[in-house]
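Residue numbers (full-length UniProt numbering): 1 to 195.
Put into structure tokens, the structure is as follows:
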């Protein structure tokens, strides 16, 4: 029991690391929390004009989740424990203890969780994101649709109840974090990437 609690705590603390904020210091760019959507995620970091900082943020936020969830799976934990650990690393990203519980929207971190669970599932979800983004040029819309598609994809890939539950809970959190984006999309005020 102590080991499980410790693992969950470590997952949350690692999830709380913000690579967007770290990128602003390494690449000497504006703190993403002070510009654009004020979100320390890769999309907002990209708006600084530094694509390398955005790539660093994207990979960092993904890999921190993969590096937590993959060892947990290898440790042969129960389904419930995998759900809790996956949510812990994602909640760390969204509500980081190091940054007054104001974090990102969880998209890259969620993808990192999926890569740890099943890389085929992750690639299909990423493909859905890419198709929606290329069609509509809204990163937020792509994130919402691909996250909602994830549990359905997991189900059709016969990933089992635990993985479907993880994908579903992750989707709910991502949609929750995109409430303002949904309102902006409906009002026609959401920022669109130029072709």
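A virtual CB, placed ideally from N, CA and C, is assigned to each residue, including glycine. Model, not experiment: these values are computed from the prediction.
Alpha carbons only, please: which of the options is nearest the one belonging to residue i?
i           : options            : result
residue 64  : 139, 110, 148      : 110
residue 50  : 62, 29, 40, 41     : 29
residue 116 : 98, 83, 25         : 83
residue 56  : 129, 108, 38       : 108
residue 150 : 133, 127, 137      : 127
residue 168 : 148, 2, 74         : 148
residue 87  : 170, 184, 3        : 170
residue 113 : 62, 4, 133         : 62
residue 3   : 75, 118, 129, 58   : 75
residue 91  : 54, 42, 9, 131     : 9
residue 191 : 37, 6, 134         : 37
residue 134 : 194, 103, 184      : 194
residue 14  : 46, 157, 93        : 93
residue 43  : 122, 183, 140      : 140
residue 11  : 66, 22, 46, 39     : 66
residue 39  : 26, 131, 20        : 20
residue 27  : 52, 118, 155       : 52
residue 157 : 130, 136, 122      : 122
residue 99  : 16, 155, 165, 129  : 16
residue 118 : 136, 130, 155, 103 : 155
Given a threshold of 16 other Cβ atoms within 10 Å of its Cβ, counted over all protein chains shown, does residue i qualify as buried or as exposed?
i           : result
residue 48  : buried
residue 187 : exposed
residue 179 : exposed
residue 120 : exposed
residue 181 : buried
residue 138 : buried
residue 105 : buried
residue 101 : exposed
residue 7   : buried
residue 89  : buried
residue 58  : buried
residue 45  : buried
residue 132 : buried
residue 5   : exposed
On the DSSP letters alone, give me the boundaries of the alpha helix (DSSP H) that residue i sits inside.
i           : result
residue 177 : 161–177
residue 93  : 79–94
residue 71  : 51–74
residue 156 : 139–156
residue 12  : 2–15
residue 25  : 19–26
residue 44  : 42–46
residue 112 : 107–117
What distance in whole Å lies between the Cβ atoms of residue j and residue i, which are believed to be in contact at a cut-off of 8 Å?
i          : j           : result
residue 96 : residue 24  : No, residue 96 and residue 24 are not in contact; Cβ-Cβ is about 15 Å, not under 8 Å.
residue 85 : residue 125 : Actually they do not touch by this definition, with Cβ atoms about 19 Å apart.
Original post:
Are three or more beta carbon pairs between the region 64–74 and the region 32–42 nearer than 8 Å?
Top reply: By the Cβ test, the region 64–74 is not in contact with the region 32–42, since fewer than three Cβ pairs between them sit closer than 8 Å.
**OP:** Check whether the region 165–182 touches the region 138–145, taking contact to mean three or more Cβ pairs, one atom from each stretch, closer than 8 Å.
**Re:** At 8 Å Cβ cutoff, the stretches touch.
Original post:
Between the region 152–167 and the region 75–82, do three or more beta carbon pairs fall short of 8 Å?
Top reply: The region 152–167 vs the region 75–82: in contact.
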